[in-house]
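Undergrad: Encoded as structure tokens, here's the structure I'll be asking about.
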């Protein structure tokens, strides 16, 4: 759910629990629809100015918080529906180098793009899907996460209910290649369908691409992160265990979001275990860097700062890379709602 950029962090960086500080809104944990509240926030993206973008799921909008702001502003959507100025159940989000906002409009089976600095009520553009729910090459079915290649504008989408990853070359009306558990540069699909095999997926929720063109997929029901190398016929499990979900450091339970650093380190929203996990490249187990957070979206910036949506508390939290975790509410925290300072079940 991110635009690509190199993320480098010391391999030995650690975080320790500390106090919670509110930097946007209050810490009430209620939801709302005003400017300082959220209602079930889903995904998170942070641009190079430290502005935070949140897909405010139940408020059917994307909110943008400038650094240290107390209120957010609506930059996409704002009411439910399928018109070009609406969203219904927005999920994955990304922002490109020009400030354009990409949103997975899940119920409408499409991906929308809004120009930089768009306001509530502005029209977006359909850049993927939008041809009804289905499994054809120009359709999506309950899509969730996305990744935008900053240099090319190519969009990768976790097409969840089709058990595949789809690659679209914006603004084309059709995908240039698809991944049903496998991707290569020719756009040939060599494995398909739902399952737990190395070439299969079971409700993929998120996708990330690294600078070496490795593809990482949060394979939700298989409780693993799968990685594909260009030209390989099958994926490799790099986090979790396909055989069973669990709560040990070597296991995952319903991963919903994945971020990859330039070093190959992964950050994972381990939704079923209410934690954020960090896996180093080649490790057989992860390290818990945040607990007691029900999160559908995680983001890590260039300094190693972690951002995560907190679904139950209608907030977005931040853990700075400063030797110890300081949980900072940077979006929402003013109760559940649809005003610009609120979130509603961020995911």
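Residue numbers (this note's numbering): 29 to 375.
We treat Cβ as the ideally placed atom computed from N, Cα and C, and that holds for glycine.
Bear in mind that the values here come from a model prediction, so they are computed numbers and not experimental data.
Is it buried or exposed, residue 49, if we count other Cβ atoms within 10 angstroms and call 16 or more buried?
TA: Annotation note: pLDDT 40 at residue 49 (below 50); position unreliable, no value reported.
Undergrad: For residue 116, collect the residues of the same chain with a Cβ closer than 8 Å to its Cβ; drop the 5 residues on either side in sequence, then sort them by chain order.
TA: Same-chain partners within the cutoff: 88, 108, 109, 110, 133, 134, 135, 136.
Undergrad: DSSP on residue 47, reduced to helix/strand/coil?
TA: Legend: pLDDT at residue 47 = 36, less than 50; position of this residue unreliable, value from coordinates given subsequently. Residue 47 falls in the coil class under three-state DSSP.
Undergrad: Run the CB neighbour count on residue 180, radius 10 Å, all protein chains shown included, and call it buried at 16 or more, exposed below.
TA: The residue in question, residue 180, is exposed, as its Cβ has fewer than 16 Cβ neighbours within 10 Å.
Undergrad: Is residue 250 near residue 280, with beta carbons less than 7 Å apart?
TA: Result no, Cβ atoms of residue 250 and residue 280 do not sit closer than 7 Å.
Undergrad: Assuming residue 337 and residue 71 make a contact with CB atoms under 8 Å, what is their CB distance in whole Å?
TA: So it is a contact: roughly 7 Å between Cβ atoms.
Undergrad: For residue 192, which residues does DSSP report across the bridge?
TA: Bridge partners of residue 192: 187.
Undergrad: Could you check whether the region 164-175 touches the region 230-239, counting it as contact only if at least three pairs of C-beta atoms, one from each stretch, sit closer than 8 Å?
TA: Enough Cβ pairs lie closer than 8 Å, so yes.
Undergrad: Specify, as a first and last residue, the run of the beta strand (DSSP E) that residue 91 falls within.
TA: Per DSSP, residue 91 belongs to the beta strand (DSSP E) from 89-93.
Undergrad: Looking at residue 245: is its Cβ nearer than 7 Å to the Cβ of residue 287?
TA: Contact: no.
Undergrad: Where do the ends of the beta strand (DSSP E) carrying residue 140 lie?
TA: Note, residue 140: beta strand (DSSP E), 138-142.
Undergrad: Between the region 97-105 and the region 135-149, do at least 3 Cβ pairs fall closer than 8 Å?
TA: Yes, they touch.
Undergrad: Assuming residue 68 is part of the beta strand (DSSP E), what are its boundary residues?
TA: No beta strand (DSSP E) holds residue 68; DSSP gives it neither H nor E.
Undergrad: Could you tell me the distance, in whole angstroms, from the CA atom of residue 257 to the CA atom of residue 185?
TA: Looking at the two C-alpha atoms, the distance is approximately 17 Å.
Undergrad: How far does the beta strand (DSSP E) with residue 293 in it extend, from its first residue to its last?
TA: Careful: residue 293 lies outside any beta strand (DSSP E) and carries neither H nor E.
Undergrad: Comparing alpha-carbon positions, which option in 190, 166, 262, 222 lies nearest residue 196?
TA: Of the candidates 190, 166, 262, 222, the one whose C-alpha sits nearest the C-alpha of residue 196 is 166.
Undergrad: So if DSSP puts residue 255 in a beta bridge, which residue, or which two residues, is it bridged to?
TA: 244, 264.
Undergrad: Tell me which residues share the same chain as residue 313 and place their Cβ nearer than 6 Å to its Cβ, disregarding the 5 neighbours each side in the sequence.
TA: The residues are 277, 278.
Undergrad: Going straight from the alpha carbon of residue 78 to that of residue 92, what length do you get?
TA: About 10 Å.
Undergrad: If the criterion is Cβ atoms closer than 7 Å, does the pair residue 168 and residue 152 meet it?
TA: Not a contact, by the Cβ cut-off of 7 Å.
Undergrad: Provide the residue(s) that pair with residue 316 in DSSP beta bridges, ordered along the chain.
TA: According to DSSP, residue 316 bridges with 305.
Undergrad: On the three-state DSSP scale, how would you describe residue 120?
TA: Strand at residue 120.
Undergrad: Going by beta carbon distance, what residues of the same chain come within less than 8 Å of residue 124, once the five residues before and after it are set aside?
TA: These residues qualify, in order along the chain: 31, 130, 176, 178, 181.
Undergrad: Let me check understanding here. Comparing Cα to Cα, which of 325, 309, 334, 330 lies closest to residue 317?
TA: The residue with the shortest Cα to Cα distance from residue 317 is 334.
Undergrad: For the beta strand (DSSP E) that residue 321 lies in, which residues bound it at each end?
TA: No beta strand (DSSP E) contains residue 321, which DSSP labels as neither H nor E.
Undergrad: Rounded to the nearest angstrom, what separates residue 162 and residue 190 at their Cα positions?
TA: Roughly 8 Å separates the two Cα atoms.
Undergrad: Do you know how far the Cα of residue 69 is from the Cα of residue 343?
TA: Each residue's Cα considered, the two are about 7 Å apart.
Undergrad: From the DSSP output, in three-state form, read off residue 272 for me.
TA: Correct three-state label for residue 272: coil.
Undergrad: Cα-Cα, which of 294, 302, 325, 303 is closest to residue 310?
TA: Of 294, 302, 325, 303, the residue nearest in Cα terms is 294.
Undergrad: If you measure between the beta carbons of residue 326 and residue 302, is that distance less than 7 Å?
TA: The answer is no: Cβ separation not under 7 Å.
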